[in-house]
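Asks: In this note's numbering, the protein residues as written are 11 to 261. Heads up, the beta-carbon is just placed ideally off N, CA and C, and yes, glycines get one too. Sharing a structure with you now.
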Amino acid sequence: MLILVTNDDGIEAKGVHQLIDALLPFGEVVCVCPDSPRSAQSMAITVNGPLSATELPSYHGARMYKVNGTPVDCVKLSMHALLPCRPSLVVSGINHGSNASINVMYSGTMGAAMEGCVFGIPSIGFSLTDHSPDADFDHCIPFVKKIVAWTLQHGLPEGICLNVNIPVTLSRPHRCRVVRACKGNWSDEYKEYVNPHGQKFYWLTGNFINEEPESTDTDEYCLAHGMVSVVPTKIDQTVKSDVVPGIMELE
């Protein structure tokens with residue numbers, strides 16, 4: 011059993027080390043991560059420069075590599091150059107911060123999981139709703155082990171990966187639910203500043219707005235009520251052609 015581990019917070023992140031520890035009982039682990047934080051990279055790849063992979067000292071028996079690229083670069087390079095064989099599982103995380111709702115579209119953590127899915131490998135992204143570099147991941151580990159064990163036993167449908175988000179506080183310690191991504195958006199995303207030379211610049215900020223706070227079948231509802239959310243996420247975003255029937259009349 012070979013498991014590929016990656017993330018978007020970088021090779022030094024606490025979350026990925028705790029993820030490795032959780033996965034070692036399942037088999038051989040190879041960790042390939044960006045050499046520095048690459049959050050919000052989605053499925054970006056490096057196309058205008060070379061990639062390099064540097065092997066680091068092993069961590070508790072897991073082989074460790076850092077790559078000067080994005081999370082998806084890490085998965086691609088692993089598959090083509092670094093791994094001794096095809097992995098049974100790709101696991102990304104544990105991310106420092108939530109990837110629920112619309113955030114799945116921006117997430118480098120989930121970008122890496124989706125790239126594993128592109129290769130036809132069962133893939134999971136784990137995230138904790140705490141951005142602190144020293145976040146406490148201890149309560150995440152039982153869920154990581156249970157979801158990984160289930161996935162290894164049952165597999166996942168083709169083109170589907172799992173987006174797992176874990177709240178900081180579990181009001182229902184043993185509860186996780188398979189739900190859908192909440193409809194939401196970010197408001198006031200950029201704050202304007204002026205530098206000492208009088209030039210304006212902008213810093214990404216913003217507030218998340220849950221557009222359906224009363225819906226009980228979403229990831230944001232789970233997280234707000236102390237439950238772990240599991241959202242099956244598709245690679246193929248195609249919808250039926252009859253959704254826009256008028257376009258068929260264009261010539």
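(1) Rounded to whole angstroms, what's the CA-CA distance from Asp146 to Ile176? Just pull it up for me.
(2) Could you tell me the distance, in whole angstroms, from the CA atom of Lys244 to the CA atom of Val114?
(3) Considering only residues of the same chain and omitting the five flanking positions on each side of Phe36, which have a CB-CB separation below 7 Å?
(4) Between Leu61 and Tyr75, is the Cβ-Cβ spacing less than 9 Å?
(5) Near Ser117, which residues of its chain fall below 6 Å by C-beta distance, leaving aside the five closest residues on each side in sequence?
(6) Using DSSP bridges, identify the partner residues of Arg73.
(7) Between which two residues does the alpha helix (DSSP H) holding Cys186 run?
(8) Look up Ala50 in the DSSP assignment and say whether it is helix, strand or coil.
(9) Rounding to the nearest angstrom, what Cα-Cα distance links Met124 and Ser102 in this structure?
(10) Could you compute how far the alpha carbon of Ser133 sits from the alpha carbon of His27?
(11) Could you say which of Thr228, Glu221 and Arg96 lies nearest to Trp196 if we only look at CA atoms?
(12) Starting from the C-beta of His149, find all residues in its chain whose C-beta is less than 7 Å away, skip the five residues before and the five after it, and write them out in chain order.
(13) Is Pro97 helix, strand or coil when you go by DSSP?
(14) CB-CB under 8 Å to Pro47, same chain, minus the five flanking residues each way: which ones, in chain order?
(15) Name the DSSP bridge partner or partners of Phe147?
(16) Which ranges does the alpha helix (DSSP H) cover as unbroken runs of at least 4 residues, wholly within the stretch 123 to 175, from first to last along the chain?
(17) Check whether the Cβ of Asp198 lies closer than 9 Å to any Cβ atom in chain D.
(18) Please return the same chain residues whose Cβ sits closer than 8 Å to the Cβ of Thr215, not counting the five positions on each side in sequence.
(19) Would Gly107 pass as a contact of His141 if the rule is Cβ separation under 9 Å?
(20) DSSP three-state call for Ser239: helix, strand or coil?
(21) Are the beta-carbon atoms belonging to Cys84 and Ala122 less than 9 Å from one another?
(22) Could you tell me the alpha carbon to alpha carbon distance between Ile30 and His90, rounded to whole angstroms?
(23) Near Cys95, which residues of its chain fall below 8 Å by C-beta distance, leaving aside the five closest residues on each side in sequence?
(24) In chain order, what residues of the same chain have a beta carbon less than 6 Å from the beta carbon of Ala32, not counting five sequence neighbours either side?
(25) Do Met237 and Cys171 have their C-beta atoms closer together than 9 Å?
Replies: On the basis of the supplied data:
(1) 12 Å
(2) 11 Å
(3) Met11, Ile13, Val158 and Leu162
(4) no
(5) Asn109
(6) Val40
(7) No alpha helix (DSSP H) contains Cys186, which is instead part of the beta strand (DSSP E) from Cys186 to Val188.
(8) coil
(9) 10 Å
(10) 18 Å
(11) Glu221
(12) Leu180
(13) coil
(14) Asp18, Asp19, Gly20 and Ala23
(15) Answer by DSSP bridge pairing: none, since Phe147 is not bridged.
(16) 151 to 164
(17) Judged by its chain identifiers, the structure shown contains no chain D, having just a single protein chain.
(18) Asp198, Glu199, Tyr200 and Lys201
(19) yes
(20) strand
(21) yes
(22) 22 Å
(23) Leu12
(24) Ile151, Val154 and Lys155
(25) no
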